[in-house]
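Number of protein chains: 2
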Amino acid sequence: MSVHTHITHSGPALTEAARAVIEAAGEQWTDLRSDVFATLAAFARPASAYDIAEAASARIGRRLAANSVYRILDLFVANNVARRVESRNAYLVNEHPGCAHDCIFLVCEACGEATHIDDDRLGDALRGTARGAGFTPTRPVIEVHGRCGGCGTS
Amino acid sequence: MSVHTHITHSGPALTEAARAVIEAAGEQWTDLRSDVFATLAAFARPASAYDIAEAASARIGRRLAANSVYRILDLFVANNVARRVESRNAYLVNEHPGCAHDCIFLVCEACGEATHIDDDRLGDALRGTARGAGFTPTRPVIEVHGRCGGCGTS
DNA sequence: GCAGGCGATGTGATATTGTATCGTCGCGTG
DNA sequence: CACGCGACGATACAATATCACATCGCCTGC
Numbered sequence: 001m002s003v004h005t006h007i008t009h010s011g012p013a014l015t016e017a018a019r020a021v022i023e024a025a026g027e028q029w030t031d032l033r034s035d036v037f038a039t040l041a042a043f044a045r046p047a048s049a050y051d052i053a054e055a056a057s058a059r060i061g062r063r064l065a066a067n068s069v070y071r072i073l074d075l076f077v078a079n080n081v082a083r084r085v086e087s088r089n090a091y092l093v094n095e096h097p098g099c100a101h102d103c104i105f106l107v108c109e110a111c112g113e114a115t116h117i118d119d120d121r122l123g124d125a126l127r128g129t130a131r132g133a134g135f136t137p138t139r140p141v142i143e144v145h146g147r148c149g150g151c152g153t154s
Numbered sequence: 155m156s157v158h159t160h161i162t163h164s165g166p167a168l169t170e171a172a173r174a175v176i177e178a179a180g181e182q183w184t185d186l187r188s189d190v191f192a193t194l195a196a197f198a199r200p201a202s203a204y205d206i207a208e209a210a211s212a213r214i215g216r217r218l219a220a221n222s223v224y225r226i227l228d229l230f231v232a233n234n235v236a237r238r239v240e241s242r243n244a245y246l247v248n249e250h251p252g253c254a255h256d257c258i259f260l261v262c263e264a265c266g267e268a269t270h271i272d273d274d275r276l277g278d279a280l281r282g283t284a285r286g287a288g289f290t291p292t293r294p295v296i297e298v299h300g301r302c303g304g305c306g307t308s
């Protein structure tokens, strides 16, 4: 496991970091993309594309259609500034863009929050197991459903 | 990791094993459930509820609505005779029902097939990591997207 | 300046996936 | 037989995702 520092951003700094990543990838950082990113970042838990479309519409004062949101989310996910929570059909910002782990989401069945943890050993072990089965892994999906600390075990 | 034998069924024997599990759980094994199970088992890759509804309709010679299929699939998943592939919104039969692992799916991006592997060490490690983060895991979702052996690495 | 290319976005339609509600049927039981 | 109950049918609906095509702004070659 490589030793490295996570730079965790929030608020405007996070948006700025996302902009840098997108531009470094040769993509444009448009006003709309910025608005969608900020909208997504403002959610405390995974947000569906339609949630984002609605909130972003309010933010920018006009209707933003779901398909535009999907286009932008696809770009974000491809460039690792946002993540998709597969078991929820929803999205989260990546709080340390530029740091590409196989990430693990702990999804609380009670409050709906998803916390993101990194553990390279698990991702590496999973990739190794897959390769051992003659499979060439590209994208692991590792999510755990359960109860977060705040929601207890009951 | 416990030492045990996997009894892998196929065809009628698999359906029979599923029946036994469902009945042992105090649920009924109706003709319709049997038909839906056999229909699902006949798919070589993860099948959506609507795929199953269509194929089962053909099999039984009348329209079977999606909601009925969902009800039955929910029952199957709850009793571990079928599994849901979260990143595909699709279902697979569990070829060794009664053996409840945290299962891992290798989902081929080229041919769409999903192979099911077991590795208790990975599931246990993942649960342990989750607990280390103050989380009480109930259901891990472990899926890997990539290329299967038959589809190569290109 | 203007034509054309190109990426980003808008608009509307549509496809796919998943739920809710309510009625009916068959079956066991008092 | 009356009743309750689980399974199922039918319909509507909600939520998620994609497609096709038009438009707009910007940049470039001419």
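Chains as they are written, first to last, in the numbering used here: chain A, 1 to 154; chain B, 155 to 308. Ideal Cβ placement from N, Cα and C applies to all residues, glycine included. The structure presented is a predicted model; accordingly, all values stated were derived computationally and were not measured.
Cα-Cα separation, residue i to residue j
i	j	result
THR184 (chain B)	ARG199 (chain B)	24 angstroms
LEU14 (chain A)	PHE37 (chain A)	9 angstroms
THR292 (chain B)	ARG147 (chain A)	8 angstroms
SER87 (chain A)	PHE197 (chain B)	22 angstroms
GLY286 (chain B)	GLY149 (chain A)	11 angstroms
ASP205 (chain B)	LEU229 (chain B)	18 angstroms
GLU181 (chain B)	ALA172 (chain B)	11 angstroms
GLU170 (chain B)	CYS253 (chain B)	15 angstroms
CYS262 (chain B)	GLY134 (chain A)	11 angstroms
GLY61 (chain A)	ILE117 (chain A)	35 angstroms
MET1 (chain A)	ALA24 (chain A)	With a pLDDT of 45 at MET1 (chain A), under the threshold of 50, the modelled position of this residue cannot be trusted, and the question is left open.
LEU73 (chain A)	GLU54 (chain A)	14 angstroms
HIS123 (chain B)	CYS151 (chain A)	Since the displayed chain B opens at 155 and closes at 308, residue 123 (chain B) lies outside it and no answer follows.
Candidates the options: closest to residue i by CA position
i	options	result
ALA90 (chain A)	A:GLU113, A:HIS96, A:GLY132, A:ALA17	A:GLU113
LEU218 (chain B)	B:ASP189, B:LEU276, B:ALA201, B:CYS257	B:ASP189
VAL298 (chain B)	B:CYS257, B:ALA203, B:THR290, B:PHE230	B:CYS257
LEU40 (chain A)	A:ARG131, A:GLY11, A:GLU27, A:ALA20	A:GLY11
GLY123 (chain A)	A:ALA55, A:VAL69, A:VAL141	A:VAL141
ALA174 (chain B)	B:ALA201, B:SER202, B:HIS250, B:ASP228	B:HIS250
VAL223 (chain B)	B:ALA210, B:ARG216, B:GLY215	B:ALA210
LEU197 (chain A)	A:GLY98, A:ARG59, A:ASP119, A:ALA24	Here chain A has residues from 1 to 154 only, and residue 197 (chain A) is not among them.
SER48 (chain A)	A:ALA24, A:LEU92, A:ALA25	A:LEU92
Distance CB(residue i)-CB(residue j) smaller than 8 angstroms
i	j	result
ALA264 (chain B)	ASN248 (chain B)	no
THR115 (chain A)	LEU126 (chain A)	no
ASN79 (chain A)	ILE22 (chain A)	yes
ARG225 (chain B)	VAL231 (chain B)	no
ASP120 (chain A)	THR283 (chain B)	no
THR290 (chain B)	THR153 (chain A)	yes
Within 8 angstroms of chain A by C-beta, residues of the region 287-301 of chain B in sequence order: ALA287, GLY288, PHE289, THR290, PRO291, THR292, ARG293, PRO294, VAL295, ILE296, GLU297, VAL298, HIS299, GLY300, ARG301
Can you list the beta strand (DSSP E) stretches of 3 or more residues lying completely in the region 256-297 of chain B, in chain order? 257-262, 268-272
Under 7 angstroms (Cβ pairs) to chain B, residues found in the region 76-103 of chain A: GLU86, SER87
Which residues of the region 269-282 of chain B have a Cβ closer than 8 angstroms to any Cβ of chain A? Give them in chain order. THR269, ILE271, ASP273, ARG275, LEU276, ALA279, LEU280, ARG281
Could you name each continuous beta strand (DSSP E) segment of 3 residues or more that falls completely within the region 192-241 of chain B, going from the start of the chain to the end? 236-239
Along the region 31-54 of chain A, where does the CB come closer than 8 angstroms to a CB of chain B? Name the residues. none
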